[in-house]
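Have a look at the structure below, then the notes.
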Amino acid sequence: MRQAGKIGPLEGFYIGDVTRQASARITVATPGQGFSDITEAVAAFVAESGLRTGLVSVFCRHTSASLTIQENADPDVRVDLMTALDGFAPRHGQYVHGMEGPDDMPAHIRTMLTDSGLTVPVRDGRLALGTWQGIYLIEHRDRGPPARDRAPRCRAMIQNPVA
Amino acid sequence: MRQAGKIGPLEGFYIGDVTRQASARITVATPGQGFSDITEAVAAFVAESGLRTGLVSVFCRHTSASLTIQENADPDVRVDLMTALDGFAPRHGQYVHGMEGPDDMPAHIRTMLTDSGLTVPVRDGRLALGTWQGIYLIEHRDRGPPARDRAPRCRAMIQNPVA
Amino acid sequence: MRQAGKIGPLEGFYIGDVTRQASARITVATPGQGFSDITEAVAAFVAESGLRTGLVSVFCRHTSASLTIQENADPDVRVDLMTALDGFAPRHGQYVHGMEGPDDMPAHIRTMLTDSGLTVPVRDGRLALGTWQGIYLIEHRDRGPPARDRAPRCRAMIQNPVA
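Protein chains in written order, with my numbering: chain Y, 1 to 163; chain F, 1001 to 1163; chain G, 2001 to 2163.
Shown next, in the form of structure tokens:
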């Protein structure tokens, strides 16, 4: 059965001013391929800003790591997600771009399939995520960023354009 | 032929104030796997807000449903999109996470490949979508959200951070 | 090894006013399937706006072209990315929707897997991209947009909701 859903009326309508914005860097030191839950770090940034309502954007400044919003309950979900990414872009596929190692080109493909940036609503000073949603940084490389990127190890930048 | 395009000059440049924002919940009751066109509901929210220029963000608070912007003309497009998603994350694949049924883990993978959030420009009080673009919620589960999520059935949250 | 990363403290915290926004159209005339680097055009828009801090959103008004942030150094990366997209949505797959030619339905699938919109932080009047990140429009069709879309050839719209 492939059916369209029934759409209800608008609920909880809110309107207010926009006056302030904030930004900060979050650094994630990744030891290798895997998911890092950055939800608390993003929530801490929102709390630090003092802003109550708006949107928070998270942006990853690399092309071999990316972001996703995923289930935060059963860690097996991340195992299966990584297996799926391995299937979409295998480590030992036939790539033209190989000079940075066998884990680099699959990392770019996995980044293309997931997200470089995410935007999440903020209500009453809290991330308006669903109960089972967490914000994850996915490191796609075996050893995290190469030496040249390690110095400014920042992995995510946040902007909250609203007050 | 894989060629880069020719980029023209900036057109229709606009600059103005940002003063207001609005948000609301949109509830979509999904009977099972499928695409629901929520374009009109998002447009109605923009109209209700009275805001004329800015960005509207739509966010889905689930990890087994997601958002996409797709062709709104031929319904066969959605049939093929669902077939493609079935291929990327089959119902009866070998998943470690199986406790929530055979449609749960593929739903998470499909959500990762599509979008939890979308941001669309608003001009003159209207969504600045292309002629053939519609905003869709994709329900990936066979019966929609399980009982625990049905109470606050909201599926999308909108923020318009600009006036 | 699939390990979570170590998250450091917030760095470079900034807070300030939001007062202004700007938007403009960027036109990309695409001769056929391929990646077009639009980073400079987006940066030129930000410079034209005079806005120093905030977020810039880029939106593609088509469902057979899309956006991605990818490595801007080795052009072979884009070759491999296109090969990957060809694998995910082959030109001569068995699609129900075929009336617009063999390159149309795969274009929609590739658009679903990549992005219709991107949001990038702006600091000190510059795009806060990583060193190796570029913003790309991906044309998925053999000859670019069909005649009916060519008139308003705009391919990307930008909104900068912050000052």
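Note that beta-carbon positions come from the ideal geometry of N, C-alpha and C, so glycine has one too.
Problem - Chain-ordered chain F contacts of GLU71(Y) [CB-CB under 7 Å] - result: Working through the first sequence from its first residue, we reach residue 71(Y) at position 71. Residues of chain F passing the Cβ test: THR1063 and HIS1108.
Problem - Own chain residues within Cβ distance below 8 Å of LEU1137(F), not counting five before or after - result: The residue you call residue 1137(F) lines up with position 137 of the second sequence. Counting only Cβ-Cβ distances below 8 Å, and skipping sequence neighbours, we find VAL1028, THR1030, PHE1035, SER1036, ILE1038, CYS1060, ALA1065, SER1066, LEU1067, ARG1155 and ALA1156.
Exercise for the section: Assign GLU1100(F) to one of three DSSP states: helix, strand, or coil. Expected result: Sequence index remark: in the second sequence, residue 1100(F) carries index 100 (1-based). GLU1100(F) falls in the coil class under three-state DSSP.
Practice task
Can you tell me the Cβ-Cβ gap for ALA1022(F) and LEU1055(F), rounded? I've got them flagged as a contact below 8 Å.
Solution key: In the second sequence, the residue the question calls residue 1022(F) occupies position 22. In the second sequence, the residue the question calls residue 1055(F) occupies position 55. With a Cβ gap of about 12 Å, ALA1022(F) and LEU1055(F) do not count as contacting.
Problem - beta-carbon ASP1076(F) near the ligand GTP non-hydrogen atom, thresh 6 Å - result: Judged by which ligands are present, the structure shown has none, so any question about the ligand GTP falls away.
Practice task
Using a Cβ cut-off of 7 Å (strictly closer), state whether ILE135(Y) contacts chain F.
Solution key: Here residue 135(Y) refers to the residue found at position 135 when the first sequence is read from its first residue. Cβ-Cβ to chain F under 7 Å: no for ILE135(Y).
Exercise for the section: Determine the direct distance from the alpha carbon of SER1057(F) to that of ARG2143(G), and round the result to whole angstroms. Expected result: In the third sequence, the residue the question calls residue 2143(G) occupies position 143. In the second sequence, the residue the question calls residue 1057(F) occupies position 57. Whole-angstrom Cα-Cα distance: 32 Å.
Practice task
Using beta-carbon positions only, say whether ALA1043(F) and LEU1129(F) come within less than 7 Å of one another.
Solution key: As a working mapping, residue 1043(F) is identified with position 43 in the second sequence. As a working mapping, residue 1129(F) is identified with position 129 in the second sequence. No, they are not a contact pair.
Practice task
Would you mind giving the Cβ-Cβ distance between ASP80(Y) and MET1105(F), rounded to the nearest angstrom? I have them listed as a contact below 8 Å.
Solution key: The sequence position of residue 80(Y) within the first sequence is 80, counting from 1. The sequence position of residue 1105(F) within the second sequence is 105, counting from 1. About 5 Å separates the two Cβ atoms, so the contact holds.
Exercise for the section: Starting from TYR2014(G), find everything on chain F with Cβ-Cβ shorter than 7 Å and list it in chain order. Expected result: As a working mapping, residue 2014(G) is identified with position 14 in the third sequence. Under the 7 Å cutoff, chain F gives no residues; its nearest Cβ is about 17 Å from TYR2014(G).
Exercise for the section: Return the first residue and the last residue of the beta strand (DSSP E) that SER64(Y) is part of. Expected result: One-based indexing of the first sequence puts residue 64(Y) at position 64. From DSSP, SER64(Y) is part of no beta strand (DSSP E); its letter is neither H nor E.
Problem - Buried versus exposed call for ARG1091(F) [16 or more other C-beta atoms within 10 Å across all chains shown] - result: For the purposes of this step, residue 1091(F) is taken as residue 91 along the second sequence, with counting starting at 1. With fewer than 16 other Cβ atoms within 10 Å, it is exposed.
Handout entry: Residue of GLU2040(G), ARG2123(G) and ALA2084(G) minimising C-alpha distance to ILE2015(G)
Key = Position 15 of the third sequence, counted from the first residue, corresponds to residue 2015(G). Measuring from the Cα of ILE2015(G), the nearest candidate turns out to be ARG2123(G).
Exercise for the section: Mind checking who ALA2029(G) pairs with in its DSSP beta bridge? Expected result: For the purposes of this step, residue 2029(G) is taken as the residue at position 29 of the third sequence. Its beta-bridge partners are LYS1006(F).
Practice task
For ARG1078(F), name the three-state secondary structure that DSSP assigns.
Solution key: As a working note, residue 1078(F) is residue 78 in the second sequence. Residue state, collapsed to three classes: helix.
Handout entry: Where the beta strand (DSSP E) through SER2036(G) begins and ends
Key = Locating residue 2036(G) in the third sequence gives position 36, where the first residue counts as 1. Run containing SER2036(G): 2034-2037, per the beta strand (DSSP E) assignment.
Exercise for the section: Look at the alpha carbon of GLN2184(G) and the alpha carbon of HIS2108(G), and state the distance between them as a whole number of angstroms. Expected result: Missing from the structure shown is residue 2184(G); chain G here goes from 2001 to 2163 and no further.
Problem - As assigned by DSSP and simplified to three states, the class of LEU1127(F) - result: Here residue 1127(F) refers to the residue found at position 127 of the second sequence. The answer is strand: DSSP assigns LEU1127(F) an E or B state.
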